[in-house]
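>
In this note's numbering, the protein residues as written are 544 to 849.
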């Protein structure tokens, strides 16, 4: 059986996609989405502009050289616009704005949470993770680690574990490396594709994928699940935290909000249509446990089969 794919988008989806196919309208939607995030962050006391300017003033060549793999070839799906950045994740601007953007985007998950919404979301994931694992993981891989927010959260929960953070963006990893130095945290940063990590077989107890799958076409997602299975030890765990397409929030989302969202998330239709449970089973895992951890997010935990 193959993971189900929805082939006939509904009327609202087709309308949104037709709007985004018109480049000036798509650019306007991206601009509006970005300005909305910056204003939300500044209004709640997150100094988006000031913090980004501080990072822009640094010389990043040392951190970049420490993490970048100059031989790496980027997959085509990655060479597109993400999150209102024309060059997607392959830019300093995107890397500098990840943290304030996370605070802004997650501020409205829970009423009144504001800037604490991001920390609450991460905590909700780790509460489920801690309850689900039968043992304390000693070697952890954070796939799609971005600038290290998810990686440092894992380190706080599992302080004795050896942790590897892997991402395709050298700019994200350079910022993660800098933040690790500030924290005096020992993290192994790897510049590679999550579907082809180059890491040894059966070398991890836990593979965590935090807010990554919604940014991927279906085929790379399936390849990443297979790669996670390869690098996990017998009895190892896969943990995914991401948007929940079945949540009431997304089911009832107004078309204009959906347009803004999809203007910054080019593969959202593919993510929403993927039967993630079946895809995980096909990758070699036991049937996963899927738990709602926020009004619009779900945590998926699966153990290696056998």
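Every residue gets a Cβ at the ideal spot worked out from N, C-alpha and C, and that includes glycine.
How big is the Cα-Cα spacing for residue 547 and residue 639?
Here the model assigns residue 547 a pLDDT of 48, short of 50, so the residue's position is not dependable, and the following value carries that caveat. Distance between the alpha carbons of residue 547 and residue 639: 37 Å.
> Would you call residue 689 buried or exposed, if buried means 16 or more other Cβ atoms sit within 10 Å of its Cβ?
buried
> Taking only the alpha-carbon atoms, compute the straight-line gap between residue 829 and residue 848 and give it to the nearest angstrom.
5 Å
> Beta carbon of residue 748, beta carbon of residue 682: below 7 Å?
yes
> Out of 743, 645 and 703, point me to the one whose CA is closest to residue 658's CA.
645
> Identify, in the order they occur along the chain, each residue of the same chain with its Cβ nearer than 6 Å to the Cβ of residue 788, setting aside the five sequence neighbours on each side.
815
> Buried or exposed: which applies to residue 561, given that a residue is buried once 16 or more other Cβ atoms fall within 10 Å of its Cβ?
It is exposed - the Cβ of residue 561 has fewer than 16 other Cβ atoms within 10 Å.
> If you draw a straight line from the alpha carbon of residue 616 to that of residue 767, how long is it in whole angstroms?
Rounded to whole angstroms, the gap between the alpha carbons of residue 616 and residue 767 is 16 Å.
> Please return the same chain residues whose Cβ sits closer than 7 Å to the Cβ of residue 609, not counting the five positions on each side in sequence.
720
> Terminal residues of the continuous beta strand (DSSP E) containing residue 846?
Residues 840-846.
> Helix, strand or coil, according to DSSP, for residue 786 in the structure here?
strand
> If we require 4 or more residues per run, which alpha helix (DSSP H) segments fall completely within the segment 654-725?
Whole alpha helix (DSSP H) segments, 4+ residues: 660-675 and 692-700.
> Going by C-alpha distance, which of 663, 706 and 676 is nearest residue 733?
When 663, 706 and 676 are compared, the shortest CA-CA separation from residue 733 is found for 706.
> Would you give the residue range spanned by the alpha helix (DSSP H) that residue 647 belongs to?
635-648
> Specify whether the segment 833-849 and the segment 781-795 touch according to this definition: at least 3 beta carbon pairs, one from each stretch, less than 8 Å apart.
The segment 833-849 is in contact with the segment 781-795.
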